[in-house]
Amino acid sequence: MTSSEAVVTLLEAIEAAGVKYVIVGALAAGAWGIPRSTKDADFVVACAAPELDAVLRQLPPSISVDPQARMELFTGTLRWVLHVENTSFEIEVFLLGDDPHHAEIFRRKRREHIGMIDREAWVPTAEDLVIQKLRWARRKDLDDVQNILAVQGAGIDQVYLQTWCERHGTLDRLSELRRGIPPEL
Amino acid sequence: MNPHQPLIDQIFREKVLRARRQTPGERMSDVLELSAMHFDKDDPELRRRLALVRAMDERDCYGPAQPRL
C-alpha cells in the first residue's frame, strides 16, 4: 500500500462512518502554502473514542494502529498513530478536544478536491492553520506559517488572525514571521 | 547580511509565485507526491532518522495517555 492509498483508505472509512473530520498538518498546510513532503498525514476527528475505534478496526491489515494513545500537551488532545506497511509513512489521528479554537476550525472548515487521489476532503482555513501552527511553533510549523502568509498575501483575514493570536499569546511570533517575508510578496 | 540572502529570497519568491498559480487541491496533490517520493519505501536508515525526529516531537509535544480505547 502506498501513502496516498492509505490516506484514501482512512478518508473513505471516516466518511463512510459519518464522522466529521479535518485534515491538518503538512498536508493541510500545503493547501494554503508551499507544498513540502511529510512523513505523516494528520487527521482530527470529531467523535468519541469508541466511534473512532470502530473506524480503525475496519482498516486493512496493511495499516496497523499503535496500541498506546498519546496526549498532545498544548490542548490535551488524544492521538493515535497508524503505520503503513512497507513504507516509512504514518497517519496520526487526533480526537477533537474541547479547545475553543478547535471548535472554530471545524466550524470554518472547507472542502477541497485533491486531484492526485481524486477525492474531496475537509481542511481548515488558511487562518486557522496559521493560528494552530503558531501555538506548536516547531521550526517546521513556523516555516509553514511563513509560507502560508506569503502565498495567501492579502487574502488572509487579518482581524480573525489577530484575535486568536492575541488569545493564545502568539502575536509576537506572527509579527516576526511576517517581517521575514520579502516586501513585494 | 548573509551573502546568499538575495538568492534565498529569489528562490522563495519563485516558490510563492508558483504556489499562487495552483489551487489548494493541486498543492495538496504535490504534498502527497513529494511524500511518496521520500517515504513510500521501507528503508532502515530512513526509519532510524524518522525515529529520532519522532522522539524529539514526543518529548516536546506529547505525554502518555491511557491505552488505546
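Chain order of the listed sequences is A and B. If you're matching positions, the first sequence starts at 59 in this note's numbering and goes up one per residue. If you're matching positions, the second sequence starts at 8 in this note's numbering and goes up one per residue. For each residue, glycine too, the CB sits at the ideal point set by N, CA and C.
Nearest-angstrom Cα separation, counted from V65/A out to N144/A: About 15 Å.
Look at the Cβ atom of L41/B, then the Cβ atom of R196/A, and state whether they are nearer than 8 Å. Contact annotation: L41/B and R196/A have beta-carbon atoms that are not nearer than 8 Å.
Quick one: does L59/B have its CB under 8 Å from some CB of chain A? For L59/B, the answer is no, since every Cβ of chain A falls outside 8 Å of its Cβ.
With a cut-off of 8 Å, do at least 3 Cβ pairs link the region 146 to 153 of chain A to the region 161 to 181 of chain A? Here the region 146 to 153 of chain A makes no contact with the region 161 to 181 of chain A; the two share fewer than three CB pairs at distances below 8 Å.
Which complete alpha helix (DSSP H) runs does the region 64 to 143 of chain A hold, if anything under 4 residues is left out? Segments of the alpha helix (DSSP H) lying fully in the region 64 to 143 of chain A: 83 to 90 and 107 to 115.
Identify each residue in the region 83 to 104 of chain A for which the Cβ-Cβ distance to at least one residue of chain B is less than 9 Å, and report them in chain order. Along the region 83 to 104 of chain A, going in chain order, the ones with a CB nearer than 9 Å to a CB of chain B are A84, L85, A86, A87, G88, A89, W90, G91, I92, P93, R94, S95, T96, K97, D98 and A99.
For I92/A, does the count of other Cβ atoms within 10 angstroms reach 16, so buried, or fall short, so exposed? Answer is buried; the Cβ neighbour count reaches 16.
Beta carbon proximity, P10/B to chain A, threshold 8 Å: No, P10/B does not count as interfacial toward chain A.
Can D157/A and W138/A be called in contact, C-beta distance under 8 Å? Inclusion of D157/A and W138/A in the CB contact set at 8 Å is not warranted, their separation being larger than that value.
With C-beta atoms as the reference, is A86/A less than 8 Å away from V181/A? Yes.
Stretch pair the region 10 to 30 of chain B + the region 68 to 77 of chain A: three plus CB contacts closer than 8 Å: In short, these stretches do not touch, since the Cβ pair count stays below three.
On the three-state DSSP scale, how would you describe H11/B? In the structure shown, H11/B falls within a coil segment according to DSSP collapsed to helix, strand and coil.
Host alpha helix (DSSP H) of I206/A (start-end): R197 to Q210 is the extent of the alpha helix (DSSP H) around I206/A.
Report the residues of the region 165 to 180 of chain A with a CB closer than 9 Å to any CB of chain B, ordered along the chain. For the region 165 to 180 of chain A, the set of residues with a beta-carbon nearer than 9 Å to any beta-carbon of chain B comprises R168, E170, H171, I172, G173, M174, I175, E178 and A179, in chain order.
So, helix, strand or coil for Q150/A, using DSSP? Gln is not the amino acid found at residue 150/A; the sequence shown has Glu there. Residue state, collapsed to three classes: strand.
If we count the other Cβ atoms within 10 Å of its Cβ and call it buried at 16 or more, is R237/A buried or exposed? Exposed, since its Cβ has fewer than 16 Cβ neighbours within 10 Å.
My understanding is that K248/A touches F46/B, with C-beta atoms under 8 Å, so please give their C-beta distance in whole angstroms. This structure does not reach residue 248/A, given that chain A is present from 59 up to 243, and the question cannot be answered.
Excluding the 5 residues preceding and the 5 following L235/A in the sequence, name in chain order all residues of the same chain whose CB lies nearer than 7 Å to its CB. The answer, listed in chain order, is L200, V203, Q204 and L207.
With DSSP as the reference, label E242/A as helix, strand or coil. Here E242/A sits in coil by DSSP.
Chain A beta carbons: is any one of them nearer than 8 Å to that of R28/B? No Cβ of chain A is located within less than 8 Å of the beta carbon of R28/B.
How would you write the range of the beta strand (DSSP E) that R169/A sits in, first residue to last? For R169/A, the enclosing beta strand (DSSP E) stretches over residues R168 to I172.
At 8 Å on the CB atoms, spell out the chain A contacts of L53/B, in chain order. The answer, in chain order, is S146.
Alpha carbon to alpha carbon, what distance is there between R20/B and E109/A? Taken atom to atom, the span from the alpha-carbon of E109/A to that of R20/B is near 45 Å.
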